[in-house]
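See below for the structure under consideration.
Protein chains: 2
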Amino acid sequence: MTVSPERVSPPGRVADPAEGITAEELRLAGRNHAMPLEALRDDVTPPGLHYLLTHYDMPAVDAASWRLGVSGKVAEPVELTLDELRSLPRHTVRVTLECAGNGRAALTPRPVSQPWLDGAVGTADWTGARLADVLARAVPDPDAVDVVLTGHDHGVERGVEQDYARGLPLEEALAPDVLVAYEMNGAPLPVQHGFPARVVVPGWYGMTSVKWLRSVTVVDHPFDGFQNRAYRLRQDADEEGVPVTRIEPRALLEPPGVAEFATRARFLSAGPVVLRGRAWSGWAPVDRVEVSCDDGATWTDADLGPAEHRWAWRSFTVAWVAPPGLHRLRVRAHDASGRVQPDLPPWNRGGFVNNTCQPVVVQVRPA
Amino acid sequence: MTVSPERVSPPGRVADPAEGITAEELRLAGRNHAMPLEALRDDVTPPGLHYLLTHYDMPAVDAASWRLGVSGKVAEPVELTLDELRSLPRHTVRVTLECAGNGRAALTPRPVSQPWLDGAVGTADWTGARLADVLARAVPDPDAVDVVLTGHDHGVERGVEQDYARGLPLEEALAPDVLVAYEMNGAPLPVQHGFPARVVVPGWYGMTSVKWLRSVTVVDHPFDGFQNRAYRLRQDADEEGVPVTRIEPRALLEPPGVAEFATRARFLSAGPVVLRGRAWSGWAPVDRVEVSCDDGATWTDADLGPAEHRWAWRSFTVAWVAPPGLHRLRVRAHDASGRVQPDLPPWNRGGFVNNTCQPVVVQVRPA
Chain A
1 MTVSPERVSP
11 PGRVADPAEG
21 ITAEELRLAG
31 RNHAMPLEAL
41 RDDVTPPGLH
51 YLLTHYDMPA
61 VDAASWRLGV
71 SGKVAEPVEL
81 TLDELRSLPR
91 HTVRVTLECA
101 GNGRAALTPR
111 PVSQPWLDGA
121 VGTADWTGAR
131 LADVLARAVP
141 DPDAVDVVLT
151 GHDHGVERGV
161 EQDYARGLPL
171 EEALAPDVLV
181 AYEMNGAPLP
191 VQHGFPARVV
201 VPGWYGMTSV
211 KWLRSVTVVD
221 HPFDGFQNRA
231 YRLRQDADEE
241 GVPVTRIEPR
251 ALLEPPGVAE
261 FATRARFLSA
271 GPVVLRGRAW
281 SGWAPVDRVE
291 VSCDDGATWT
301 DADLGPAEHR
311 WAWRSFTVAW
321 VAPPGLHRLR
331 VRAHDASGRV
341 QPDLPPWNRG
351 GFVNNTCQPV
361 VVQVRPA
Chain B
368 MTVSPERVSP
378 PGRVADPAEG
388 ITAEELRLAG
398 RNHAMPLEAL
408 RDDVTPPGLH
418 YLLTHYDMPA
428 VDAASWRLGV
438 SGKVAEPVEL
448 TLDELRSLPR
458 HTVRVTLECA
468 GNGRAALTPR
478 PVSQPWLDGA
488 VGTADWTGAR
498 LADVLARAVP
508 DPDAVDVVLT
518 GHDHGVERGV
528 EQDYARGLPL
538 EEALAPDVLV
548 AYEMNGAPLP
558 VQHGFPARVV
568 VPGWYGMTSV
578 KWLRSVTVVD
588 HPFDGFQNRA
598 YRLRQDADEE
608 GVPVTRIEPR
618 ALLEPPGVAE
628 FATRARFLSA
638 GPVVLRGRAW
648 SGWAPVDRVE
658 VSCDDGATWT
668 DADLGPAEHR
678 WAWRSFTVAW
688 VAPPGLHRLR
698 VRAHDASGRV
708 QPDLPPWNRG
718 GFVNNTCQPV
728 VVQVRPA
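Spelled out as structure tokens, the structure:
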């Protein structure tokens, strides 16, 4: 078998209309796992089930020799050990993280990348120091604009060898719930979630929550690195595009009944059933969730659970008397900023932010 | 969108020659995650990275009310609480588990099911009671033939609603390393690995290591349930076929260098490099691993690491002086029973046991 060099790190592309998922997309799908939807039953996603997206390889970082450098446009560059990071005031935040590419594989035509359907989400209790407290140790200059967050993960993307790095506006970085986290659900970070320390930016898509954090660099201009250019909404490849930032609203149903192995369709007995799920938005609190049991012809408002954790998903329930037959359920979330999930997928070349409504097919048997 | 009923639980099929991975296979790939190959660096797979295959939904089982029933052809049927199970002699075994479908998606034509490439594997330290000690509590009849292991996982497959259940010959069930495990790597089982207790049958493909174990039923005939009929090697759908049992030999390289995001190809600088990996077999200890750096034209014997854990993978290393250019590495394992990985995939309709050699594409840059 020969391999042509241009296939080794190809430019981004959109799949041909009749092109199924490729072997390379499938390899990404095997590595970068979604949260199984039955895990929507839990407030906090059980360890190992939280979604995971790693651009390159997961680095093995030695905690004893790990240092976090804070430098650039600052009065006093510092280097923190893990113990020093842990000595800063400790803060825990429950956060729903979602991949910006969630929903990509449902787009037509399909942007070729990590082929998420709808489960690229998860919720955890993250504990760490505030990024604001870390930055305060170094004292950013008055003309600071962005912070550049760089991880130990290193690889090649679209022909460019790079450390994974993202710029974040300083004012966002100083928000009180933005963490340099060293614990997930009360235990040290698992390797795949950024051991020994990572950023967590609540309300933003996951690309900004840099894992395996190695440095924070303060700059006096908007950072224009590879990942900040990659995560943009564009119709054409040569467009400047709009940066991907906060999480658009989305609701997911915990699929009712029992599963079919191959199709993941659901079987249910006719009669009353309570449909359950979770909804979230990074722009404003979720204030309404609607459920349709007839593929969008009619919608019913769900009952919302408590909203105690601003940055975590909110539970919802709705009663349904399931009639025999084949049904297609849909669900959609609204938030307090007026955003609502669209009926048609919002297409862009990168396949980002496709928060169109989740369909769930249910075969209801006579009781 | 209409959904035709025959699509809800279709019979098994083989993909058309030009048919890419389907949306349904992709949904399975997102749920049932592979082990990222960089985790081959670890003797024991870090929590959350072990491969995972669940036929239906992961059930949420309450440990306090959980009971393990042992009945059927026995002198004294018993029901054990989790505390009673834990009071039996405690035994820990390091085991490499692999899915019988590992390699399925690399077959041509492709059997349509969970589309594994090569990472459906993982190694853990499992702790529990010996299944032999559990059976001894009930005293199997002298004419006992099989034990039927049934889980709490329940769903629909090929049109049949069922609890997940597997028969295992009694003499295999009595082997001293077959466990009813309640700990994985020193902690209670994660929900996705069968909380609160599961079977672990070292050396066998994973389908026999029933998770969320609810009952052990002793029978006086070979059990012929759905899963025992499903996991068979067949060329045609109407063949009786040969049962899938023990794990065929396989070696995997930890891909060297750094990864390209989209293709997972590897970049490496020219010069000396140590290639590393792991190899295993359920039939007999691995006693030879060969590595080819020229796509199979020539092969070099690797140095094998210690063989302290019979049921776990064995490490290997081989030195390579990487010349500039594009190379395709391959690796193959032999075991003491004379089995060796084949050059061509052993095709069957279920897509089981494809242990053909792993290819790793490496782009070597001038030093």
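Residue numbers (this note's numbering), protein chains in the order written: chain A, 1 to 367; chain B, 368 to 734. Glycine included, every Cβ here is placed at the ideal spot set by N, Cα and C. On a predicted model such as this, the values are computed, not experimentally measured, just so you know.
1. Please report the straight-line C-alpha distance between B:R596 and A:F261, rounded to a whole angstrom.
2. What residues from chain B crowd round A:M58, counting only those whose CB sits closer than 8 Å?
3. Looking at chain B, is there any beta carbon in it that lies within less than 8 Å of the beta carbon of A:V191?
4. Taking only beta-carbon atoms, is A:Q358 less than 8 Å away from chain B?
5. Mapping DSSP to helix, strand and coil, what is B:Q708?
6. Roughly how many whole angstroms lie between the Cα atoms of A:W413 and B:R716?
7. Given this structure, state the Cα-to-Cα distance separating B:R434 from A:L49, to the nearest angstrom.
8. Do you know whose CA, among B:A651, B:A646, B:P509, B:V501, lies nearest B:A723's CA?
9. Let me see if you follow: with CB-CB separation under 8 Å, is A:S281 close to chain B or not?
10. Give me, in chain order, the residues of the same chain whose beta-carbon lies closer than 6 Å to that of A:R276; leave out the 5 immediate sequence neighbours on both sides.
11. B:V515 and B:G534: beta carbons closer than 8 Å?
12. So the candidates are B:E607, B:S432, B:R497, B:A487; which of them puts its Cα closest to the Cα of B:G470?
13. Would a check of beta-carbon distances place B:V396 closer than 8 Å to chain A?
14. What is the DSSP secondary structure of B:T630, reduced to helix, strand or coil?
15. Which value, in whole angstroms, describes the spacing of the CA atoms of B:L464 and A:T54?
16. Going along chain B in order, which residues have a C-beta closer than 8 Å to the C-beta of A:H55?
17. Thinking just about the alpha-carbon of each residue, which of B:W678, B:L474, B:T475 is nearest to the one in B:A651?
18. By a C-beta neighbour count over all protein chains shown, 10 Å radius and 16 as the cutoff for buried, is B:T584 buried or exposed?
19. Would you mind stating whether A:G351 and B:G387 have Cβ atoms separated by less than 8 Å?
20. Expressed to the nearest angstrom, what Euclidean distance is found between the alpha-carbon atoms of A:M58 and B:V506?
21. Cβ of A:H91 within 8 Å of Cβ of A:R130?
22. Of all the options A:Y56, A:A39, A:P11, A:L37, which has the alpha carbon lying nearest to the alpha carbon of A:H154?
23. Label A:L135 either buried or exposed according to how many other C-beta atoms from any shown protein chain fall within 10 Å of its C-beta, with 16 as the threshold for buried.
24. Quick one: what's A:L80 bridged to in DSSP?
25. For my contact list, B:A491 and B:V577 are in at a C-beta cut-off of 8 Å; report their separation, rounded to the angstrom.
26. Looking only at DSSP bridge pairs, what is B:R695 linked to?
27. Tell me A:R278's beta-bridge partners as DSSP assigns them.
28. Put B:E675 into one of helix, strand or coil per three-state DSSP.
29. Helix or strand or just coil, what does DSSP make of B:G534?
30. For A:E368, I'd like the list of residues in its chain whose CB is within less than 7 Å of its CB, leaving aside the five on either flank, ordered along the chain.
31. Kindly indicate the opening and closing residues of the alpha helix (DSSP H) around A:D133.
32. So which residues on chain A does B:E391 lean against when the C-beta distance must stay under 8 Å?
33. Which same chain residues end up closer than 6 Å to B:F634 when comparing Cβ atoms and leaving out the 5 residues on each side of it in sequence?
34. Which residue marks the beginning of the alpha helix (DSSP H) containing A:L26, and which one marks its end?
35. For A:T245, does the count of other Cβ atoms within 10 angstroms reach 16, so buried, or fall short, so exposed?
36. Along chain A, in chain order, which residues have C-beta atoms closer than 7 Å to that of B:H400?
Concretely, from the data shown:
1. 16 Å
2. P403, E405, A406
3. yes
4. no
5. coil
6. Within the shown structure, residues of chain A are numbered from 1 to 367, placing residue 413 of chain A beyond reach of any answer.
7. For B:R434 and A:L49, the distance between alpha carbons rounds to 26 Å.
8. A quick correction: the sequence has Thr, not Ala, at residue 723 of chain B. Nearest in C-alpha terms to B:T723, of all of B:A651, B:A646, B:P509, B:V501, is B:A646.
9. no
10. Close CB contacts of A:R276 within its chain, under the 6 Å cut and outside five residues either way in sequence, are with E254, T317 (chain order).
11. yes
12. B:A487
13. Here residue 396 of chain B turns out to be Ala, not Val, going by the sequence shown. So, interface residue.
14. For B:T630, the secondary structure class from DSSP, reduced to helix, strand or coil, is coil.
15. 24 Å
16. F628
17. B:W678
18. By the neighbour-count definition (other C-beta atoms within 10 Å, threshold 16), B:T584 is a buried residue.
19. no
20. Answer to the nearest angstrom: the Cα atoms are 49 Å apart.
21. yes
22. A:Y56
23. The residue is buried, with at least 16 neighbouring Cβ atoms inside 10 Å.
24. A:L68
25. Contact flag wrong, Cβ pair sits at about 16 Å.
26. B:V728
27. A:L252, A:S315
28. coil
29. Three-state result, B:G534: strand.
30. No answer is possible for residue 368 of chain A: the residues shown for chain A start at 1 and end at 367.
31. Per DSSP, the continuous alpha helix (DSSP H) segment holding A:D133 begins and ends at 131-138.
32. Ordered by position in chain A, the residues that pass the 8 Å Cβ test against B:E391 are A262, T263, R264.
33. Excluding residues within five positions, the ones whose Cβ falls inside 6 Å are G624, V625, Q730.
34. 23-31
35. buried
36. G30, H33
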